[in-house]
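J.: Sharing a structure with you now.
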Amino acid sequence: MSLTSILLHQALNGLVLGSFYALVALGYTMIFGVIKLLNFAHGDLYMAGGFVALLVLSAISGIVGAGWPGIFLAMLLAMIAVGCLGVVIERIAYHPMLGAPRLSILITALAVSLVLENTVLALTNGQYAAFQTSLGFGGVAIGGLFITYSEMVLVGMAALLMVTLELFVTRTQYGRAMRAVAVDTDMCALLGINVPTVIGVTFFIGSALAAAAGTMAGAYYGSLWYFMGFLIGLKAFTAAVIGGIGSIPGAMLGGLVLGMLESFGTQIPGIGSQWKDVFSFVVLILVLVFKPTGLLGRSEQERM
Amino acid sequence: MNRFGRLAVMAAMACAIAGPAFAQGTIKIGVEVPTTGAEATYGRDMANAVVLAQDEINKAGGVLGKKLTMVIGDDACDPQQAVNAASKLVSQHVLAVVGGYCSGATLPTLKIYGDAHVPFVITASNSTKLIPANPGNAFMINSTGDQQATKAVAFLAGKGAKTLAIVNEGDAYSQDLANLTRADWTKAGHKVVAYETASSGQQDYSAIVTAIRAAKPDAVFWTAYYADGALLIRQLRQAGYRGIIAVGDGSNSTKLFAIAGAAAEGVFCFTNPTAQFLPAAKAFIKAYKARFGSNPGPYAPLTYDGMKLVAWAMTKAGSTASAKVIAALKTADGVQWLTGPIRFTKHNTLARSNFIVLEDRNNAWVRADK
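Protein chains in written order, with the working numbering: chain A, 206 to 509; chain B, 37 to 406.
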């Protein structure tokens, strides 16, 4: 394999990985935007999304098959189900804590994460579940680069979801309300914006995006595990911080940057693949030290 | 009924329940396997095999006139939880322990059983790191990692491979096998062109896949467990790697096919003989299926033998005293077990190599080395 071919491949890998990170990071950053909470249970919603999609897919694969149509349908239902789960979690666990000190709600988020992980652990006995699809390994070769159809659809789906989100946030009334709540919650309440509803919508969208990422990861990698949300949760947090936490374009950019950094970082001679995770967290520390507001974040100004 | 009467009835009931046990006494055997966690499939399977052996022994009159009972200690393939499980078994006064799946989890328990003078028959764990850590009470009835490495090197070289990429997961089992294979492969005059360590539970192996594709090895050897191995195989094939892929005995699972799908076609697996490839195991497979409704997994026969070996040693020693049972185990010989004869080296490891090679054809294992 030539050097250019390796670089092209790593760019593609980084793009796929970055898409997952970006989708999960979006939820992180949106929720931080409206209630200033680092929702540590977010990675587990990604995991839950994967499992819901697997259940749906195994139920409907007899009718529509386990190809892309089935996966899309499963993904849609998983997004709705996990979106609702996110809203329920917000109502039960976070809403009563909104007036409490920041640390209390942060600990609540950790507890929610443990509850979700251990529920799935109990249901699956901690075993890997195979996410069986009828997707082959077909693809097209462009120059020295071989791109599978799955990779194309996956990156395309992620891009579509992000564009839709961007349109929602910038062009709709709810989107405007969300941005307003992020800037000043009290003033929004005074002006007659239904703040709890806006927070609910934010949780729904954030959780649904995580579920979409979980479904795509399941279909792409072929397996699910109760603990799969932990590491991606940390990575998504890193991505959100790199991009500037609270900023939606920042989360997208941060996800892609982190995906690329990991992808290329592990190819530097002398740094093996075992350093992959170390690499991304070193970057997190560097960003926190030298540009705490992230690439696109601005301190104490408009957050979303 | 007054209070006194009720007490009398309860006492009578307690006697009725405890009666038979008191009359005969029981021999409590500990079973240390992962029944939760990623490797739970193997652990449950091993526990089932112990149940089968126990019932057969008890039906034939037990050991020294006593019935065998078993207590399961779940090590979850985790060193910390394994220590807890071992302490729990010891505190329940088990007279012997059978099991041990993940070498990394088995390693720290050796000292606990050693300090408590409990004979420990290790039925699956086979890292050579266990050998120096053995206080003398543990016996390994699965062939060890060095024998697997020898088999792997001979087989892959026989397939015409000259360059090899080795991928492990940094735990006691897979790192041991990877290092032994690297040493043997280099000694055989071939080249290891990539030696990678993955972190367990990560989904994305693209960095390793690219490193392997850049190194262009004739063969790739995954030395760790099936769940992550399946992901690596899938991503290797997806990226267009066309060379030989081989996996170690930790990846001998039909779940490998479920996760990797068509990508696992043609993958070679070095393993101790599983039930379907043991001529003596026909009755065992039938009994196992009738009892548990599924086929016995890769470590069921060895674990079944492990339980029977403990019973055999106690009978031979004429006692359950640990020193006598250990002495009997040391001289074990002359019995044709399900998995073949068991004799131990001076390090208490199996005195022969039992490794065979399997190949995935249409998502089923077939023998590849005959």
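From the three backbone atoms N, C-alpha and C, an ideal C-beta is built for every residue, glycine too. What you are looking at is a predicted structure, and each value in this text was computed from that prediction instead of being measured.
#1: What first and last residue would you give for the beta strand (DSSP E) that runs through residue 113(B)?
#2: Pull up the DSSP beta-bridge partners for residue 370(B), would you.
#3: Output needed in chain order: residues of the region 478-505 of chain A with a Cβ under 7 angstroms from some Cβ in chain B.
#4: Is the region 139-158 of chain B touching the region 103-120 of chain B, taking contact as three or more C-beta pairs under 8 angstroms?
#5: Mind pulling the chain A residues with CB within less than 8 angstroms of residue 273(B)?
#6: Which residue from 457(A), 247(A) and 261(A) puts its Cα closest to that of residue 292(A)?
#7: Going by DSSP, what residue range makes up the beta strand (DSSP E) through residue 201(B)?
#8: Which stretch, first to last residue, makes up the alpha helix (DSSP H) that contains residue 80(B)?
#9: Who does residue 305(B) pair with in a DSSP beta bridge?
#10: Would you kindly work out how many angstroms separate the C-alpha atoms of residue 427(A) and residue 297(A), rounded to a whole number?
#11: Thinking C-alpha only, which one of 235(B), 401(B), 392(B) and 185(B) is nearest residue 307(B)?
#12: How about residue 270(B): is its C-beta nearer than 9 angstroms to some C-beta of chain A?
#13: Return the chain-ordered list of same chain residues with a C-beta closer than 7 angstroms to the C-beta of residue 279(B), the five sequence neighbours on each side being excluded.
#14: In chain order, what residues of the region 430-445 of chain A put their CB closer than 9 angstroms to some CB of chain B?
#15: Select from the region 191-220 of chain B all residues with a C-beta closer than 8 angstroms to any C-beta belonging to chain A, and list them in chain order.
#16: Could you give the distance in angstroms between the alpha-carbon of residue 158(B) and the alpha-carbon of residue 123(B)?
#17: Measure from the C-beta of residue 117(B) to each C-beta in chain A and report whether the shortest distance is under 9 angstroms.
#18: Over the uninterrupted alpha helix (DSSP H) stretch that includes residue 277(A), give me the two end residues.
#19: Give a yes or no on whether 9 angstroms exceeds the smallest Cβ distance from residue 326(A) to chain B.
#20: Would you check if there are 3 or more beta carbon pairs closer than 8 angstroms linking the region 463-470 of chain A to the region 485-504 of chain A?
#21: How is the beta strand (DSSP E) around residue 176(B) delimited, first residue to last?
#22: Just verifying my parser: in three-state terms, what is the DSSP assignment at residue 490(A)?
#23: Using a Cβ cut-off of 9 angstroms (strictly closer), state whether residue 426(A) contacts chain B.
#24: Am I right that residue 499(A) and residue 447(A) are in contact with their C-beta atoms under 8 angstroms? What's the rounded C-beta distance?
#25: When you compare the CB of residue 276(B) with every CB in chain A, is at least one pair closer than 9 angstroms?
#26: Going straight from the alpha carbon of residue 217(A) to that of residue 243(A), what length do you get?
#27: Quick one: is residue 331(A) near chain B, going by C-beta distance under 9 angstroms?
#28: Please list the residues of the region 210-244 of chain A that have a C-beta atom closer than 7 angstroms to any C-beta atom in chain B, keeping them in chain order.
#29: On the premise that residue 332(A) lies in contact with residue 74(B), defined as a C-beta separation below 8 angstroms, what is that separation, rounded to the nearest angstrom?
#30: To the nearest angstrom, report how far apart residue 172(B) and residue 149(B) are at their CA atoms.
#31: Distance cutoff 9 angstroms, beta carbons only. Does residue 528(A) sit that close to anything in chain B?
#32: How would you write the range of the beta strand (DSSP E) that residue 233(B) sits in, first residue to last?
#33: Residue 232(B) touches chain D at which residues, Cβ-Cβ below 9 angstroms?
#34: Buried or exposed: which applies to residue 394(A), given that a residue is buried once 16 or more other Cβ atoms fall within 10 Å of its Cβ?
#35: Start and end of the alpha helix (DSSP H) containing residue 135(B)?
#36: Can you tell me where the beta strand (DSSP E) holding residue 350(A) begins and where it ends?
T.: By the coordinates alone:
#1: Note, residue 113(B): premise wrong, no beta strand (DSSP E); not H, not E.
#2: Answer is none; residue 370(B) lacks a bridge partner.
#3: 478, 479, 481 and 482
#4: Because the criterion of three Cβ pairs below 8 angstroms is met, the region 139-158 of chain B and the region 103-120 of chain B touch.
#5: What residue 273(B) touches in chain A, judged by beta-carbon distance under 8 angstroms, is 342, going in chain order.
#6: 247(A)
#7: 199-204
#8: 76-95
#9: The secondary-structure analysis by DSSP pairs residue 305(B) across a beta bridge with 283(B) and 394(B).
#10: 33 angstroms
#11: If we check each option's Cα against that of residue 307(B), 392(B) comes out closest.
#12: Interface residue, yes.
#13: 253, 254, 255 and 256
#14: 430, 432, 433, 435, 436 and 437
#15: So the list reads 206, given in the order they occur along the chain.
#16: Rounded to whole angstroms, residue 158(B) to residue 123(B) spans 17 angstroms at the Cα level.
#17: no
#18: Residue 277(A): member of the alpha helix (DSSP H) spanning 273-294, first to last residue.
#19: The Cβ of residue 326(A) sits closer than 9 angstroms to at least one Cβ of chain B.
#20: yes
#21: 174-176
#22: Residue 490(A): helix per DSSP, three-state reduction.
#23: yes
#24: 6 angstroms
#25: yes
#26: 30 angstroms
#27: yes
#28: 211, 214, 215, 218 and 222
#29: 7 angstroms
#30: Roughly 10 angstroms between the two C-alpha positions.
#31: Any answer about residue 528(A) is impossible in this case: the structure gives chain A only from 206 up to 509.
#32: 227-233
#33: Absent from the structure is chain D; the protein chains it does hold are A and B.
#34: exposed
#35: No alpha helix (DSSP H) contains residue 135(B), which is instead part of the beta strand (DSSP E) from 132-135.
#36: 350-353
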